[in-house]
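What follows is one structure encoded as structure tokens, with my remarks underneath.
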Amino acid sequence: MELQYDVAIVGSGITGAIIARWLTERGHSVVLLEAGTPDGNSRAGFRQLTETFYQETAKVPSSPFRAQQSRDWPVYDSGVEAPTVLRDMAARPLGDEAQANAYYLQRGAEHPFASTYLRIAGGTTMHWMGTCLRMLPADFEMRSRYGVGVNWPFGYNELEPFYRLAEWEIGVSAERSEQVASGAPYPADYEYPMHKIPDSWLDQYLAKRLDGFSVAIDGQSYPIGVTNTPAGRNSHPHIGAKDPRFYAPPGNYRPVGDPDRPDQFGERCVGNSSCVPICPANAKYTALKTLRFALASDRGSASLLTRRIVTRINLDPAGKEVESLDYFDYSVVPAIKGRVRAKVYVLATNAIENAKLLLASGRSREEGVANSSGLVGRNLMDHPTLLTWALLRDPIGAFRGPGSTAGVTGMRDGEFRSKFSSARIEIGNWGWSWPKITPDTTVIDLVGADDKPTVFGQQLRQQVNFQSQREVTLAFEMDQLPDENNRIYVEEGVIEARHSEFRPIIDFSLDEYCRRGMANASKVASAIYDRVGATEKTEHNPEGRFGRKAGYFRHEDSETGELEFHGAGHLAGTHRMGNDPKSSVVDADQRSWDHANLYIAGCGSMPTMGTANPTLTGAALAFRTAQSIDRDLLAGKPVTP
Amino acid sequence: MENRESEDLFVSFLRLSEVLTGFSRPELLATGVAGEHWMLLKGCLGPRFLRELLKSSGDALTDTANVEEAEAGITRWLAERDDYGIVAKRITKLWYLGTWFAIPSNSDALAAEAIHNKEHIPSSAAYREGLVWKAMGSHPRGAKPTGFASWTTAPDVLGSRQEE
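Heads up: the sequence lines are chains P and L, in that order. Remember, my numbering sits 58 above the position in the first sequence when you count from 1. Remember, my numbering sits 345 above the position in the second sequence when you count from 1.
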């Protein structure tokens, strides 16, 4: 069966949704091919996600999302789950036989790539935290300013209008007056759509004790204060703030809530304290909120086809333009093959799946499609995250509210970046749940193993309270430089048996720049805990924890000589943008240098990471791409600058 | 089990749970999941073992005038038999975390066909009503939200203990 549209988009996460909405509002026809299910789109479906979450013993980010059981393939004894919910993407000990059951195959010498994602309508925003910081001007000019990494093909100022569009589409809550202090310029008349999410008691507690505090990094002093974090999470609209989106209705910003209740105003955050992995109130942004408008548009038309796994990009006989996409349709039994034709094609899955699809489609696996630069799949980056945690002297009521409402931005930029990584510190409101899976492990450890004495009754209750009330986690999201040897690739024969898809093979390690930065971060953590009177409890475990191999290494500059990093879920870099086709995969609009009717969109286009959670930047890039595609369609041909 | 005996055993189960968890019987009953926890326990444990466990723990609690005496009684009771400790730990964790942790398969405590004896959360209510959230002075994550800006205020003084 063959379908024909103006634009075919692979993936219905935030990148695909933003592009689809813009283009339908401009009158075009769009199809979104989503590998996953539409579970979150209906009230009942979303409610089921919440119920699944309640009953999952391991409340990891993917816990609400059921494994897609392919109905026409036999269940394998190994229990390999369909790639819709990639639970088993967690880092496996390198060389472990359990890798046979995992989705990634990790071939890196030392460290695992520790981040995962979702395949579902709405993409990984279904379980993201919602943090929406802009990158800093320096992040776009790492080569010029600090002699490391590369420069973007444009600077902060050129991307700034697109940040505004992204902030209004997502619905970001923040005060411009507070955010200007971050070092990123804002236009004088700009305001965020909604007022900030109020700082937690913990944030206020730390802010008071860190007042006037600074740390020395490489001989210079950096202030360590607490700043509210912009978030894609509903609060109260800023009255009078102007919406930059051409399709927005007049009047004040209208918060968006449950996609299945378009008649209702979006509810503000009510403190479910479960953003990762699910917001039962639908106060947190998910790409479903954008998709719903794309699907409802009466100016253009959008179709969301779920359970369609795109397996191949087909080029025309000359190899110049994309001619069609092949996919498997798993919404029927047995699965059938399908093909889509469009005038313009967009890959909008994520940094790993975009690269995987390009490489899988080439005449050879090394070649791939859109890969004259040889860089497809290379420069894979994350924000390797150093988790530190401590017991505060006073109760602060951990485990209340959004996972993070503020952070420390004072060491995001500085001269030291010529030598080692900077970091953004995320203040965790949920105690030690990330590093230690509290409060579950608190209870489990107190009650004790079968051969240990049992703490019970009043003592149990008291100790659970005492500890839980005082837990704090500071997560250091480290900048990571692009490294061609960090990559995802595919090989003949290495396939995921159920759906005949290639399994991503990953090589990943941290360079000395990042390791040294992390070592420095561990010292900053200790200094902060000392200043606020907390007792640090950070551990580093070479064996990993909870069955997963950690990114463990030793470094003499660190606080204790040992370090351990985790994945932040920020996948980027694998189809980087640039000005030169020899050293980049896409141009500044995310158009492939090799195929004028193909856009490769998302955080995979980011040449550097900076220290902002990348989704907001990816969303800004999506708006740039949408505008470029609109120009192409209106002109009837690619319009390159 | 006969109805009357079953009722008596349920009461004994509550009495034991009260001492193990540090929460009163009304608090346990107010969760609404006391009945389903009792059913799970009956499904996993052999009926004779269960009767012995509850009778002996009940005896240990006879004539105890306050919490300290009750806890001392249970401490002595736990030492009587390894299996009592194994089951008591799981009862405590079931109440606190809404999670049943499997009893080792070679244990004498197990029923002949304990199909539910695997690590799992038996229901959404079991999770939501987990006592750990009350013990922490918080709310179950993903449920019973406490309201916009509720996270901005000092922790509840009554719910927060000052000594370890």
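C-beta atoms are modelled at their ideal positions from N, C-alpha and C, and glycine is treated no differently. All of these numbers come straight from a predicted model, not from anything done at the bench.
Asked, Found
"Less than 7 Å between CB atoms is the rule here; does Ser-331(P) satisfy it with respect to chain L?", "yes"
"Going by other Cβ atoms of all chains shown within 10 Å of its Cβ, with 16 needed for buried, is Glu-550(P) buried or exposed?", "exposed"
"Could you check how far apart the C-beta atoms of Ile-228(P) and Gly-98(P) are, in whole angstroms? I think they sit under 8 Å.", "Not really, about 16 Å apart at Cβ, beyond 8 Å."
"Just to confirm the assignment, what range does the beta strand (DSSP E) spanning Asn-372(P) have?", "366–373"
"In chain order, what residues of the region 316–328 of chain P put their CB closer than 8 Å to some CB of chain C?", "No chain C is present in this structure, whose protein chains are P and L."
"For Val-378(L), return the contacting residues in chain P, with the cut-off set at a CB-CB distance below 9 Å.", "Chain P residues near Val-378(L): none, gap ~12 Å exceeds 9 Å."
"What residues are listed by DSSP as bridge partners for Thr-95(P)?", "Ile-178(P)"
"Can you give me the C-alpha to C-alpha distance between His-294(P) and Glu-233(P), rounded to a whole angstrom?", "11 Å"
"Residues of the region 445–459 of chain P with a CB closer than 7 Å to any CB of chain L: list them in chain order, please.", "Pro-453, Ile-454, Gly-455, Phe-457, Arg-458, Gly-459"
"Decide if Arg-150(P) is buried, meaning its Cβ has at least 16 other Cβ atoms within 10 Å, or exposed.", "Low confidence applies to Arg-150(P): its pLDDT is 48, below 50, so where it sits in the model is not reliable, and the reading given next is rough at best. Buried, because 16 or more other Cβ atoms sit within 10 Å of the Cβ of Arg-150(P)."
"Give me the DSSP bridge partner(s) of Glu-510(L).", "Residue 510(L) lies beyond the range of chain L shown here (346 to 509); nothing can be said about it."
"Relative to the C-alpha of Arg-475(P), which candidate in Met-576(P), Leu-504(P), Ser-382(P) has its C-alpha closest?", "Met-576(P)"
"Within 10 Å of its beta-carbon, does Pro-453(P) have 16 or more other beta-carbons around it, so buried, or fewer, so exposed?", "buried"
"By DSSP, does Glu-397(L) sit in helix, in strand, or in coil?", "helix"
"Going straight from the alpha carbon of Val-65(P) to that of Ala-341(P), what length do you get?", "30 Å"
"Using the beta-carbon of each residue, which ones in chain P are nearer than 9 Å to Trp-422(L)?", "By Cβ distance, chain P contributes nothing, its closest Cβ being about 11 Å from Trp-422(L), past 9 Å."
"Between the region 243–268 of chain P and chain L, which residues of the former have CB atoms less than 7 Å from a CB of the latter, in chain order?", "Pro-256, Asp-257, Ser-258, Trp-259"
"Within the continuous alpha helix (DSSP H) that includes Glu-413(L), where are the two ends?", "412–423"
"In three-state terms, what does DSSP make of Val-334(P)?", "coil"
"Can the beta-carbon of Gly-329(P) be found closer than 7 Å to that of Thr-491(L)?", "yes"
"What residues in the region 458–473 of chain L have a beta carbon less than 9 Å from any beta carbon of chain P?", "Glu-464, His-465, Ile-466, Pro-467, Ser-468, Ser-469, Ala-470, Ala-471, Tyr-472, Arg-473"
"Considering only residues of the same chain and omitting the five flanking positions on each side of Leu-346(P), which have a CB-CB separation below 7 Å?", "Gly-98, Asn-99, Ala-179, Gly-180, Pro-317"
"At a Cβ threshold of 7 Å, is Asp-146(P) touching chain L?", "Legend: pLDDT at Asp-146(P) = 44, less than 50; position of this residue unreliable, value from coordinates given subsequently. Chain L contact via Cβ: absent."
"Less than 7 Å between CB atoms is the rule here; does Thr-142(P) satisfy it with respect to chain L?", "Note that Thr-142(P) has pLDDT 40, beneath the 50 cutoff, so the model's placement of it is unreliable and the number below is only indicative. With 7 Å as the cut-off, Thr-142(P) does not count as an interface residue toward chain L."
"Quick check on this structure: which residue in Gly-472(P), Ile-563(P), Asp-471(P), Gly-455(P) has the alpha carbon closest to the alpha carbon of Phe-524(P)?", "Gly-455(P)"
"Label Gly-377(P) either buried or exposed according to how many other C-beta atoms from any shown protein chain fall within 10 Å of its C-beta, with 16 as the threshold for buried.", "exposed"
"Does Leu-518(P) have its Cβ less than 7 Å from a Cβ in chain L?", "yes"
"By the criterion of Cβ-Cβ separation under 7 Å, what are the contact partners of Gly-492(L) in chain P?", "Val-328, Gly-329"
"Is the region 187–207 of chain P in contact with the region 235–253 of chain P, if contact means three or more CB pairs nearer than 8 Å?", "yes"
"Under a Cβ-count criterion, where at least 16 other Cβ atoms within 10 Å of its own Cβ denotes burial, should Val-390(P) be classed as buried or exposed?", "exposed"
"Does chain P have any CB closer than 7 Å to the CB of Ala-308(L)?", "A query on residue 308(L) cannot be resolved here, the shown segment of chain L reaching from 346 to 509 and no further."
"Along the region 430–455 of chain L, what residues have a CB closer than 7 Å to any CB found in chain P?", "Gly-430, Ile-431, Ala-433, Lys-434, Thr-437, Lys-438, Tyr-441, Leu-442, Thr-444"
"In chain order, what residues of the same chain have a beta carbon less than 6 Å from the beta carbon of Val-378(L), not counting five sequence neighbours either side?", "Ala-470, Ala-471, Glu-474"
"Got a sec? Which residues, its chain only, sit under 6 Å from Leu-152(P) by beta carbon, not counting five neighbours each side?", "Its pLDDT being 49, under 50, Leu-152(P) is placed unreliably in this model, and the coordinates cannot settle the point."
"Distance check for Glu-109(P) and Tyr-162(P), CA to CA, integer angstroms please.", "28 Å"
"Chain L beta carbons: is any one of them nearer than 7 Å to that of Asn-637(P)?", "no"
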